[in-house]
């Protein structure tokens, strides 16, 4: 059951998006999200939606996986839409108590829901096509200008922490499963009882897990020291991130989409 | 009468994902009451998966496990009762300790079975006596003990449930020779005191030769042999083929034979080796 938890959702495939530089992908994702929110009328938003769906097609990740992400966020989406429906000015169609349903409200709700949905799709496209490690590397690169404003080592340390955290998620899941099995073998009851019983039942699992996490942290720190780790200074990379023709393609694509949204915004 | 019977057991990990993996394939065997069964096999041969079926931690994809002629999954709600009858000591059991005192930790299992008060206390003390946990340790924190002592306490935690069948997954892994001997002694003491049936997974062929009544050999999820250590180790070629070994003494006798010395090939323990060599050389007292 613990194996169902998704952390980094990388889906291996050989698409244009997989080959592209993660730094470019992050920048373009932010750009597109901004433009999705700039899209002010029906036509530009529809254009944005079509563009996002073509990006999903280009990613060569099964559409089912995107829908899975969407399903998780669906309650939030519906909630936002409903709030938007009743909120704000406009000619009421139906009203009861302090709520009034307006035509403007409904269109606002549809706009909002669609924007959030597109936002989720596009960020899923990033996480499905980029490994967690590439993502952290890219974030480190993108944030590296911060070292000129006094945060010399902070960016590297943050990125290292993220990498280590990601690296240890599967290890800890495996460990948790082992401890759970061991305690179950001693008759621990994890499945029944009230809320308090269930929380109490977690203690025999959490304590050994915490101890092993601390033990692993010590071991890792020692191993890193043995290899002369001293922070980011002077560190070189095994995998250099380089720009390629793929990045040119996806950048032009993103510029086209943004341009299209602006044009449709102004013209119609 | 067979206490534990496994019939056509298969287990597949990751049923609906692309990572399908047959960990155990169509394994059948039966264990008599009071036997010591050894399980040997290469890493990833399905030993650990197999033993997790014996107490219902894993549900077979196919096949049944019978305890006292009753399917352990007949009533899934009662599976916790099975777990107190078939104790399972995992690899590195000391990492499952969590209570503030040794006493509380050993009491965890019996408490889950519903024991309380004096009965619980007596059970813990009795168990400690049986396997030599010193009474003054009971009030200590388990995290202050040495590695070997921790393991002893963790094993006591399972034994305190008084399982009729007790399964050990590599009980001596990571211990020094003295620690290994200690653990083996604990297992023997428990067996003497309770007539329990014992199943041990081990990489030590020496331990298997010394202890086991019968040995199960696993390879790639399949049961390849299930016989007495004598029979199993005398098919040494087959064992070597699947990446396992025979006891060191046995290997010495293989080499002696190759050198042209006429010695038997069914020597698995040092004691037996001494006997055989004495017969040949004619020592005064064997």
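Chains as they are written, first to last, in the numbering used here: chain A, 298 to 565; chain B, -7 to 278. All C-beta atoms, glycine included, are put in the ideal place defined by N, C-alpha and C.
**Request:** Spatial neighbours of residue 546 of chain A within its chain, please: CB distance less than 7 Å, with the 5 preceding and 5 following residues excluded, ordered by chain position.
**Result:** Reading the first chain from its first residue, position 249 is the one you call residue 546 of chain A. For residue 546 of chain A, where only same-chain residues beyond five positions count, the Cβ hits under 7 Å are 313.
**Request:** Compare the C-beta of residue 316 of chain B with all C-beta atoms of chain A and state if any pair is closer than 8 Å.
**Result:** Lying outside -7 to 278, the shown extent of chain B, residue 316 of chain B is not represented and no answer is given.
**Request:** Throw me the rounded Cβ distance for the residue 112 of chain B and residue 102 of chain B pair, which I believe falls under 8 Å.
**Result:** Start at 1 with the first residue of the second chain, and residue 112 of chain B comes out as number 120. Start at 1 with the first residue of the second chain, and residue 102 of chain B comes out as number 110. With a Cβ gap of about 6 Å, residue 112 of chain B and residue 102 of chain B count as contacting.
**Prompt:** Between the beta-carbon of residue 91 of chain B and the beta-carbon of residue 82 of chain B, is there less than 8 Å?
**Reply:** As a working note, residue 91 of chain B is residue 99 in the second chain. As a working note, residue 82 of chain B is residue 90 in the second chain. No, these two residues do not count as a Cβ contact at 8 Å.
**Message:** With three or more beta-carbon pairs closer than 8 Å as the criterion, would you say the region 547 to 557 of chain A touches the region 316 to 332 of chain A?
**Reply:** Three or more pairs of CB atoms, one per stretch, sit closer than 8 Å, so the region 547 to 557 of chain A contacts the region 316 to 332 of chain A.
**Prompt:** Residue range of the beta strand (DSSP E) that residue 114 of chain B falls in?
**Reply:** On the second chain, residue 114 of chain B is found 122 positions in, with the first residue counted as 1. It is not in any beta strand (DSSP E) - residue 114 of chain B instead sits in the alpha helix (DSSP H) that spans 109 to 123.
**Request:** Using the Cα positions of residue 400 of chain A and residue 394 of chain A, report the straight-line distance between them to the nearest angstrom.
**Result:** For the purposes of this step, residue 400 of chain A is taken as residue 103 along the first chain, with counting starting at 1. For the purposes of this step, residue 394 of chain A is taken as residue 97 along the first chain, with counting starting at 1. Those two C-alpha atoms are separated by around 18 Å.
**Request:** Look up residue 460 of chain A in the DSSP assignment and say whether it is helix, strand or coil.
**Result:** Within the first chain, the letter at position 163 stands for residue 460 of chain A. Three-state DSSP puts residue 460 of chain A in a helix.
**Item:** Residue nearest to residue 67 of chain B in terms of C-alpha spacing, selected from B/48, B/243, B/37
**Value:** Counting from 1 along the second chain, the entry for residue 67 of chain B is found at position 75. Per the C-alpha coordinates, the member of B/48, B/243, B/37 positioned closest to residue 67 of chain B is B/48.
**Contact list for residue 476 of chain A against chain B, beta-carbon separation under 8 Å** = Looking up residue 476 of chain A in the first chain gives position 179. 87, 88, listed in chain order.
**Message:** What does the Cβ neighbour count give for residue 164 of chain B, buried or exposed, with the cut at 16 atoms within 10 Å?
**Reply:** Working through the second chain from its first residue, we reach residue 164 of chain B at position 172. Only buried fits residue 164 of chain B, as 16 or more other CB atoms lie within 10 angstroms of its CB.
**Message:** Taking beta-carbon pairs under 7 Å, can you tell me which members of the region 118 to 146 of chain B lie near chain A?
**Reply:** Of all residues in the region 118 to 146 of chain B, none comes within less than 7 Å of chain A when Cβ atoms are compared.
**Item:** Neighbouring residues, chain A, relative to residue 74 of chain B (Cβ below 8 Å)
**Value:** In the second chain, the residue the question calls residue 74 of chain B occupies position 82. Within chain A, no residue has its CB atom less than 8 Å from the CB of residue 74 of chain B, the nearest being about 10 Å off.
**Asked** First and last residue of the beta strand (DSSP E) that includes residue 55 of chain B?
**Response** Your numbering for residue 55 of chain B matches position 63 in the second chain. Counting along the chain, the beta strand (DSSP E) containing residue 55 of chain B begins and ends at 54 to 59.
**Prompt:** Which chain B residues are close to residue 484 of chain A, counting only those with a beta carbon under 7 Å from its beta carbon?
**Reply:** Position 187 of the first chain, counting from 1, holds the residue named residue 484 of chain A. Chain B residues near residue 484 of chain A: 72, 75, 76, 101, 104, 105, 153.
**Prompt:** Between the Cα of residue 416 of chain A and the Cα atoms of A/382, A/516, A/353, A/491, which residue gives the shortest distance?
**Reply:** Numbered from 1 along the first chain, position 119 holds the residue referred to as residue 416 of chain A. Looking from the CA of residue 416 of chain A, the closest CA among A/382, A/516, A/353, A/491 belongs to A/353.
**Residue of B/192, B/25, B/187 minimising C-alpha distance to residue 61 of chain B** = As a first step, residue 61 of chain B must be located in the second chain, where it is residue number 69. Nearest option by C-alpha distance: B/25.
**Prompt:** Mind listing which residues of the region 493 to 507 of chain A have their C-beta closer than 9 Å to chain B's C-betas, in chain order?
**Reply:** Listed by position along the chain: 500, 501, 502, 503, 504, 505.
**Prompt:** To which residues of the same chain is residue 450 of chain A closer than 7 Å at the C-beta, ignoring the five residues directly before and after it?
**Reply:** Against the first chain, residue 450 of chain A aligns to sequence position 153. Taken in chain order, the residues that qualify are 528, 529.
**Message:** Would you say residue 149 of chain B lies against chain A (beta-carbon separation less than 8 Å)?
**Reply:** By one-based count along the second chain, residue 149 of chain B stands at place 157. Taking Cβ atoms only, chain A reaches closer than 8 Å to residue 149 of chain B, which makes this a yes.
**Request:** Could you work out which residues of chain B lie near residue 480 of chain A, taking near to mean beta carbons separated by less than 7 Å?
**Result:** Taking the first chain and counting its residues from 1, the one referred to as residue 480 of chain A is at position 183. Going along chain B in sequence order, the residues near residue 480 of chain A (Cβ under 7 Å) are 88.
**Message:** Restricting to Cα atoms, I'd like to know which of B/213, B/192, B/139, B/247 is closest to residue 205 of chain B.
**Reply:** In the second chain, counting from the first residue as 1, residue 205 of chain B sits at position 213. The alpha carbon of residue 205 of chain B has as its nearest neighbour, out of B/213, B/192, B/139, B/247, the alpha carbon of B/192.
**Asked** When you compare only the Cα positions, how much space is there between residue 242 of chain B and residue 257 of chain B?
**Response** In the second chain, residue 242 of chain B corresponds to position 250, counting from 1. In the second chain, residue 257 of chain B corresponds to position 265, counting from 1. A straight-line Cα-Cα distance of about 7 Å links residue 242 of chain B and residue 257 of chain B.
**Prompt:** How long is the line joining the alpha carbons of residue 404 of chain A and residue 382 of chain A, rounded to whole angstroms?
**Reply:** Counting from 1 along the first chain, the entry for residue 404 of chain A is found at position 107. Counting from 1 along the first chain, the entry for residue 382 of chain A is found at position 85. Their backbone Cα atoms lie some 8 Å apart in a straight line.
**Asked** Closer than 8 Å, Cβ to any Cβ of chain A: which residues of the region 45 to 61 of chain B, in chain order?
**Response** Within the region 45 to 61 of chain B, 47, 49 place their CB atoms closer than 8 Å to a CB of chain A, listed in sequence order.
**Contact belief for residue 487 of chain A with residue 498 of chain A at Cβ below 8 Å, rounded distance in angstroms** = As a working mapping, residue 487 of chain A is identified with position 190 in the first chain. As a working mapping, residue 498 of chain A is identified with position 201 in the first chain. About 5 Å separates the two Cβ atoms, so the contact holds.
**Message:** To the nearest angstrom, how far is the alpha carbon of residue 542 of chain A from that of residue 523 of chain A?
**Reply:** Locating residue 542 of chain A in the first chain gives position 245, counting from the first residue. Locating residue 523 of chain A in the first chain gives position 226, counting from the first residue. Computed Cα separation, rounded: 40 Å.
**Item:** Buried or exposed (CB count within 10 angstroms, at least 16 for buried), residue 278 of chain B
**Value:** As a first step, residue 278 of chain B is located in the second chain; it is residue number 286 there, counting from the start. For residue 278 of chain B, the predicted structure reports a pLDDT of 46, less than 50, and the residue's modelled location is therefore unreliable. The matter cannot be settled from this model.
**Asked** Going by C-alpha distance, which of B/54, B/40, B/41 is nearest residue 18 of chain B?
**Response** As a first step, residue 18 of chain B must be located in the second chain, where it is residue number 26. Cα-wise, what sits closest to residue 18 of chain B is B/54.
**Request:** Specify the secondary structure class of residue 68 of chain B as computed by DSSP and reduced to three states.
**Result:** As a first step, residue 68 of chain B is located in the second chain; it is residue number 76 there, counting from the start. In the structure shown, residue 68 of chain B adopts helical secondary structure according to DSSP, grouped into three states.
**Prompt:** What's the gap between the Cα of residue 464 of chain A and the Cα of residue 42 of chain B?
**Reply:** As a working note, residue 464 of chain A is residue 167 in the first chain. As a working note, residue 42 of chain B is residue 50 in the second chain. Linking residue 464 of chain A to residue 42 of chain B through their CA atoms gives a straight-line distance of about 29 Å.
**Request:** Flag this pair as yes or no: are the beta carbons of residue 280 of chain B and residue 40 of chain B separated by less than 8 Å?
**Result:** The requested residue 280 of chain B is not part of the displayed model; chain B covers only -7 to 278.
**Request:** State the DSSP-derived secondary structure class of residue -6 of chain B, mapped to helix, strand or coil.
**Result:** Position 2 of the second chain, counted from the first residue, corresponds to residue -6 of chain B. Three-state result, residue -6 of chain B: strand.
**Message:** Give me the residue from A/516, A/370, A/472 with the minimum Cα distance to residue 504 of chain A.
**Reply:** Here residue 504 of chain A is taken as the residue at index 207 of the first chain, counted from 1. Of the candidates A/516, A/370, A/472, the one whose C-alpha sits nearest the C-alpha of residue 504 of chain A is A/472.
**Request:** Have a look at B/158, B/56, B/271, B/240 and flag the residue whose alpha-carbon is nearest the alpha-carbon of residue 76 of chain B.
**Result:** Position 84 of the second chain holds residue 76 of chain B. Measuring from the Cα of residue 76 of chain B, the nearest candidate turns out to be B/158.
**Asked** If you drop the 5 nearest sequence neighbours on each side, which residues of the same chain put their C-beta closer than 7 Å to that of residue 140 of chain B?
**Response** Numbered from 1 along the second chain, position 148 holds the residue referred to as residue 140 of chain B. Around residue 140 of chain B: 167, 171, 174.
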